[in-house]
Amino acid sequence: MFVQGGALGALAVVAALAAVSGRRFLLAVVYPVTALAAIALGVVDLAIWLGGGGFAAVLPIGLPTIGLHLRLDQLSAFFGVVINGGVLAASLYGMGLDRAKELTPRVEPLFPLFAAAMNLVLIADDAYAFLFSWELMSLTSWAMVVAHHTNAENRRAGHLYLVMAAIGTTALLFAFGGLAGPAGGYAFDTIRTQAPTPLIAALVLATALVGCGSKGGLIPLHAWLPLAHPAAPSHVSALMSGVMTKVAIYGFVRIAFDLLGPPAWWWSLPPIVLGAITAVLGLLYAVFDRDLKRVLAYSTVENVGVIFVALGLALAFRANGQPAAAAVAMAAALLHILNHSWFKSLLFLGAGAVLHVTGRRDLEGMGGLIHRMPRTAVFFLVGALSISALPPLNGFVSEWLLFQSVIAAPALPQSALNFAAPAIGAMLALAAALAAACFVRVYGVAFLGRPRSVEAARAHEVPLVQQIAMGGLALLCILGGLLGALLTGALAPVLKGLVGSELPNAGTGPTPFSLIAFDASRSNYDAVVIALFVAIASVAALLVVHRLSARRTRRGPAWDCGFPDPSPAIQYSASSFSQPLRRVYGAVVFSARETVVMPPPGDLQPARFSVALIDYIWTTLYIAPWRALLRLSERLNALQFLTIRRYLVLMFAALVILLSIAAVTI
Amino acid sequence: MIRGYELSHLLAGVMLVTSFALLYQERIASVINTFAAQSVTLALAVAWAAFSQDRSELFITALIALCLKGIVIPVALHRTVVRLGIHREVEKVVGVGIALMVGLALTGLAQALLLKVTQGTASHAREELALALAIILLGFLMMILRRNAVTQVVGFMSMENGLILAATGARGMPLVVEVSVAFSVLIALFVFAVFVFRIRERFDTIDIEALDRMRGDAR
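Protein sequences appear in the order of chains R and U. Using our numbering, read the first sequence as starting at 1 and increasing by one per residue. Using our numbering, read the second sequence as starting at 1001 and increasing by one per residue.
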């Protein structure tokens, strides 16, 4: 507890110092201090996650008579490890920022505050503390999104983010209101002792899904995320995408699994259905987008969807008294949370490195970066492979567990879930395939081939400390994959607290590294064996090929399709790569239309090709209500111009109507 | 059973009757006189309550009501009316019949509501509260049905009379609150008066519809 207090205090102090003085030196000091605080907090969280313990305290600050309840249990500690890992990597990356050009008093003072706010959400133990730190987290991140406010696009992103954050927090306010009940016990301890009626539970679940879903990017509440996350500086994007979405998921887990009491089976339907839709749509957005950071943000949307599916399945299994299956689903969710925080932070930091050296975010201007920034390219490749869920990396472990629990879902007694399970499995499989396609496209276009712009041709490697940040995360992704079974085993105490069971038959596999979902005969994944097999097979194939082929490697000119001295622009582009998917899915989901303008023969004008996509979620769920609101407010505007007597009449009528209602109903 | 229940009930009833009278008075001078009568009745009712329930602090309330609303405010309003030269004006929005029917409905609503809400308490307090609510609602109705700023002031004061009556019956309102209410009403009167003269200076009338014309959206 003292470590927590000290670290959070240090973050606040350094933020205040940087904000007040605004001098370069103090702005730069922010990152080492934040890194140290993240290490301290992370170590404490890790110890509590693995070893138990934790603390609870009531501080006499905050609202009078309520105070400030703080508590760190194993669930919070697990999420604390997720968050502080991401914060550490982002701070390391920040230490490599150019002190003269890239530090600004609009970002650096807020960075430690943002980190502190996310930690505060985790240890909040009453609704007031939770919402306060939640808002602090939203506002600090919002301020960093609009840090470069001269760009109109950033302002728009910030505006949308602020609106969505306000909606989300309002929804959470109602969720906690419903949880606290008429007596108004806002401490989580009090809430746990109350059992809400089914109607209240449904309302709380819906509002919690809106509140946490809007922060996490659950479709259809995702619209702000692909705009706001890329608008922030890249290491902040990494934090927002890799870590802040996890805080949102923490909020949902805390409410749905801890505060709301024993679940009913239908609670699982909204997270499963919305999650599956989010997973598929998020990647369809990603695969058509040309902005590197926005692709990553859409991919975050997809991963949040995957995690919500796992959470929903865990709710369903738990409600039906199948703790073992619930543990598998919950382990998939928690592990994916951890994994995603690693590889998404890695990818965003990589994107930040690319953005920093090329100054470009559009994929069509990149290319050939593997030669100019070889280390970043390798780290990015590890991240891309992990997020595409390829064994033996960490993304595969959690996806494998998730599919195991989806396969177990037909054993559920409710026919709705029975019928949904295969569809959900198909959608998740589609999402996994799309993710692979998406990251092949990103990696291939950005890092392979020849540079498509002067900036890309002039790219160079980023500072060492930023390489360390990315390299550390890449190492975690590899280790998390190889040692996935041990990591899953470490989740046991958290799982016991959430669903009352750990993985059945954990550790009964043939090697210590085999991950057993249900039992060894049915489902067994051994990352180390697979890695060994892959390594041996590749080396053997390499040797055989070398032996059979000509000895000497000859270098010749690349095949140029018969066009001498081709421009790099004729390389396979990002749009070309996504065209098959656009034709198959885009035509249905986004009404994609491709138009080719061909000049007549003899005309020297270039031919033009353009693609128009319609985002139906945006037009129906955002623009249409917005227009309706405007129309309504225009109608109500007349109320501003009544005569004094008419206002009095309105007041009087309201009074009389209320009195009549009271007279009739009481 | 509280002593003198019949008399206090009678006085409250008289106040309600004066409220109805306020609704149909045609000329401003008689409106002010009726209001003065209502205030005097209020003072009597409060004094009777003080006497019958041995609550001597209520005598102060009664004295304030008598002096301020029975004498000072009516005299001030009369002078205003004379200075403005509007003592003959007649202004009504709806006819007397409709006004009285609406007033009757409001009284019925007040009775129905309060007799329901206060079930189980002493009947004396219940009926007096119901009468007080009816007086408040009628005062509000009067503010709506009159155009003239002076008569609106009277409607407002009449609402306040109802509030004091309710406070006396409810036995809850401490003297400090009553005194502050009385003074705030007095201040409100000053504000009203200033505004009335300002309006008059600017528009040569104190018909509040003139304000709307000035704002540019008269109908």
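Every residue, glycine too, gets a C-beta built ideally from N, C-alpha and C. Please read these numbers as outputs of a predicted model, since none were measured by experiment.
Quiz item: With C-beta atoms as the reference, is Gly312 (chain R) less than 7 Å away from Ile272 (chain R)?
Solution: Position 312 of the first sequence, counted from the first residue, corresponds to residue 312 (chain R). Position 272 of the first sequence, counted from the first residue, corresponds to residue 272 (chain R). Yes, the pair counts as a contact, with Cβ atoms nearer than the cut-off.
Quiz item: Quick one: which chain R residues come within Cβ less than 9 Å of Val1117 (chain U)?
Solution: Position 117 of the second sequence holds residue 1117 (chain U). Per Cβ cutoff of 9 Å: Ala662, Ala663 and Ile666.
Quiz item: How would you label Ile657 (chain R), buried or exposed, when you count the other beta carbons within 10 angstroms and need 16 or more for buried?
Solution: Working through the first sequence from its first residue, we reach residue 657 (chain R) at position 657. When all chains shown are included, Ile657 (chain R) counts as exposed.
Quiz item: What's the gap between the Cα of Phe1183 (chain U) and the Cα of Ala1167 (chain U)?
Solution: In the second sequence, residue 1183 (chain U) corresponds to position 183, counting from 1. In the second sequence, residue 1167 (chain U) corresponds to position 167, counting from 1. Their backbone Cα atoms lie some 16 Å apart in a straight line.
Quiz item: In the structure shown, what three-state DSSP assignment does Arg1219 (chain U) receive?
Solution: By 1-based counting over the second sequence, the position of residue 1219 (chain U) is 219. Residue placement at Arg1219 (chain U) is poorly supported in this model, since its pLDDT is 43, which falls under 50; the coordinates still yield a value, given next. It is coil, neither helix nor strand.
Quiz prompt | CA-to-CA distance, Leu642 (chain R) to Ala89 (chain R), given in whole angstroms | solution = By one-based count along the first sequence, residue 89 (chain R) stands at place 89. By one-based count along the first sequence, residue 642 (chain R) stands at place 642. Each residue's Cα considered, the two are about 60 Å apart.
Quiz item: Below 7 Å between beta carbons: does that hold for Tyr128 (chain R) and Trp142 (chain R)?
Solution: Counting from 1 along the first sequence, the entry for residue 128 (chain R) is found at position 128. Counting from 1 along the first sequence, the entry for residue 142 (chain R) is found at position 142. Not in contact: Tyr128 (chain R) and Trp142 (chain R) (Cβ atoms no closer than 7 Å).
Practice problem: Please name the residue or residues paired with Asp126 (chain R) in a DSSP beta bridge. | Solution: Here residue 126 (chain R) refers to the residue found at position 126 of the first sequence. Partner(s): R:Ala187.
Quiz item: Which residues share a DSSP beta bridge with Ala612 (chain R)?
Solution: For this step, residue 612 (chain R) is matched to residue 612 along the first sequence. DSSP lists R:Arg593 as partners of Ala612 (chain R).
Quiz item: Looking at chain R, which residues of the stretch 1014 to 1044 of chain U have a Cβ within less than 8 Å of any of its Cβ atoms?
Solution: none
Self-check item: Arg1219 (chain U) classed as buried or exposed, judged by whether at least 16 other C-beta atoms fall within 10 angstroms
Solution: Taking the second sequence and counting its residues from 1, the one referred to as residue 1219 (chain U) is at position 219. Because the pLDDT at Arg1219 (chain U) is just 43, under 50, the model does not fix this residue reliably, and the point stays unresolved.
Quiz item: What are the complete alpha helix (DSSP H) segments, minimum 4 residues, inside the stretch 225 to 261 of chain R?
Solution: 225 to 231, 234 to 239 and 245 to 253
Quiz item: By the criterion of Cβ-Cβ separation under 7 Å, what are the contact partners of Leu363 (chain R) in chain U?
Solution: The residue labelled residue 363 (chain R) in the question sits at position 363 within the first sequence. Correct list: empty, because the minimum Cβ distance to chain U is about 57 Å.
Self-check item: For Ala264 (chain R), the three-state DSSP class (helix, strand or coil)
Solution: If you number the first sequence from 1, residue 264 (chain R) lands on position 264. Coil.
Quiz item: Which one or two residues does DSSP pair with Ser514 (chain R) in a beta bridge?
Solution: Mapped onto the first sequence, residue 514 (chain R) falls at position 514. BP columns for Ser514 (chain R) point to R:Asp526.
Exercise. In angstroms with no decimal places, state the Cα-to-Cα distance between Ala436 (chain R) and Glu302 (chain R).
Key: If you number the first sequence from 1, residue 436 (chain R) lands on position 436. If you number the first sequence from 1, residue 302 (chain R) lands on position 302. So the alpha carbons of these two residues sit roughly 12 Å apart.
Exercise. Determine whether the Cβ of Ile1073 (chain U) lies closer than 7 Å to any Cβ atom of chain R.
Key: Along the second sequence, read from residue 1 onward, the residue named residue 1073 (chain U) stands at position 73. Not closer than 7 Å to any Cβ of chain R, the Cβ of Ile1073 (chain U) fails to qualify, so no.
Quiz item: List, in order along the chain, the chain U residues whose C-beta lies closer than 7 Å to that of Val649 (chain R)?
Solution: The residue you call residue 649 (chain R) lines up with position 649 of the first sequence. Going along chain U in sequence order, the residues near Val649 (chain R) (Cβ under 7 Å) are Ile1144.
Practice problem: Within 10 angstroms of the Cβ of Ser345 (chain R), are there 16 or more other Cβ atoms? Answer buried if so, exposed if not. | Solution: If you number the first sequence from 1, residue 345 (chain R) lands on position 345. It is buried - the Cβ of Ser345 (chain R) has at least 16 other Cβ atoms within 10 Å.
Exercise. Could you pull the start and end residues of the alpha helix (DSSP H) that His148 (chain R) belongs to?
Key: For this step, residue 148 (chain R) is matched to residue 148 along the first sequence. It is not in any alpha helix (DSSP H) - His148 (chain R) carries neither H nor E in the DSSP assignment.
Quiz prompt | Span separating the alpha-carbon of Phe513 (chain R) from that of Arg627 (chain R) | solution = The residue given as residue 513 (chain R) occupies position 513 in the first sequence. The residue given as residue 627 (chain R) occupies position 627 in the first sequence. The alpha-carbon atoms of Phe513 (chain R) and Arg627 (chain R) are separated by roughly 57 Å.
Exercise. Classify Asp291 (chain R) as helix, strand or coil using the three-state DSSP reduction.
Key: On the first sequence, position 291 is the one that residue 291 (chain R) refers to. DSSP places Asp291 (chain R) in strand when its eight states are reduced to three.
Quiz item: Which chain R residues sit within Cβ distance under 7 Å of Phe1197 (chain U)?
Solution: For the purposes of this step, residue 1197 (chain U) is taken as residue 197 along the second sequence, with counting starting at 1. Result: empty, since nearest Cβ-Cβ is about 17 Å, beyond 7 Å.
Quiz prompt | Phe188 (chain R) classed as buried or exposed, judged by whether at least 16 other C-beta atoms fall within 10 angstroms | solution = Along the first sequence, one-based indexing puts residue 188 (chain R) at 188. So Phe188 (chain R) counts as buried.
Quiz item: Does the distance from the C-beta atom of Ala232 (chain R) to that of Cys438 (chain R) stay below 7 Å?
Solution: Counted from its first residue, the first sequence places residue 232 (chain R) at position 232. Counted from its first residue, the first sequence places residue 438 (chain R) at position 438. No, they are not a contact pair.
Self-check item: Cβ-Cβ distance between Thr207 (chain R) and Phe252 (chain R) below 7 Å
Solution: Counting from one through the first sequence, the residue named residue 207 (chain R) turns up at place 207. Counting from one through the first sequence, the residue named residue 252 (chain R) turns up at place 252. No, these two residues do not count as a Cβ contact at 7 Å.
Self-check item: chain U contact for Leu659 (chain R) (CB, 7 Å cutoff)
Solution: Translated into positions along the first sequence, residue 659 (chain R) becomes position 659. For Leu659 (chain R), the answer is yes, since a Cβ of chain U falls inside 7 Å of its Cβ.
Practice problem: Would you verify that the beta carbon of Phe1192 (chain U) is, or is not, closer than 7 Å to some beta carbon of chain R? | Solution: Walking along the second sequence from the start, residue 1192 (chain U) turns up at place 192. Closer than 7 Å: no.
Quiz item: Using the C-alpha atoms, what's the distance from Leu1022 (chain U) back to Asn1148 (chain U)?
Solution: Sequence index remark: in the second sequence, residue 1148 (chain U) carries index 148 (1-based). Sequence index remark: in the second sequence, residue 1022 (chain U) carries index 22 (1-based). The straight-line gap from Cα to Cα measures roughly 14 Å.
Quiz prompt | Among R:Phe343, R:Ala432 and R:Val304, the one whose alpha carbon lies nearest that of Leu221 (chain R) | solution = Numbered from 1 along the first sequence, position 221 holds the residue referred to as residue 221 (chain R). Taking only the C-alpha atoms, the option nearest Leu221 (chain R) is R:Val304.
Quiz prompt | chain U within 7 Å of Phe652 (chain R), Cβ atoms only | solution = Here residue 652 (chain R) is taken as the residue at index 652 of the first sequence, counted from 1. Output row for Phe652 (chain R): interface = yes.
Quiz item: Looking at the structure shown, is Ala384 (chain R) part of a helix, part of a strand, or coil, going by DSSP?
Solution: For the purposes of this step, residue 384 (chain R) is taken as residue 384 along the first sequence, with counting starting at 1. Residue state, collapsed to three classes: helix.
Quiz prompt | Cut-off 7 Å between Cβ atoms - residues of its own chain near Leu59 (chain R), not counting five sequence neighbours on either side | solution = Position 59 of the first sequence holds residue 59 (chain R). Excluding sequence neighbours, Leu59 (chain R) sits near Gly67, Leu68 and Leu70.
Exercise. Please report how far the alpha carbon of Leu639 (chain R) lies from the alpha carbon of Ala653 (chain R), in whole angstroms.
Key: As a working mapping, residue 639 (chain R) is identified with position 639 in the first sequence. As a working mapping, residue 653 (chain R) is identified with position 653 in the first sequence. Looking at the two C-alpha atoms, the distance is approximately 15 Å.
Quiz item: From the beta carbon of Leu1131 (chain U), is the nearest beta carbon of chain A less than 7 Å away?
Solution: You won't find chain A in this structure, because its protein chains are R and U.
Quiz item: Under 7 Å, do Leu498 (chain R) and Met330 (chain R) count as touching if we go by C-beta distance?
Solution: Residue 498 (chain R) sits at position 498 when you count from the first residue of the first sequence. Residue 330 (chain R) sits at position 330 when you count from the first residue of the first sequence. Yes, they are a contact pair.
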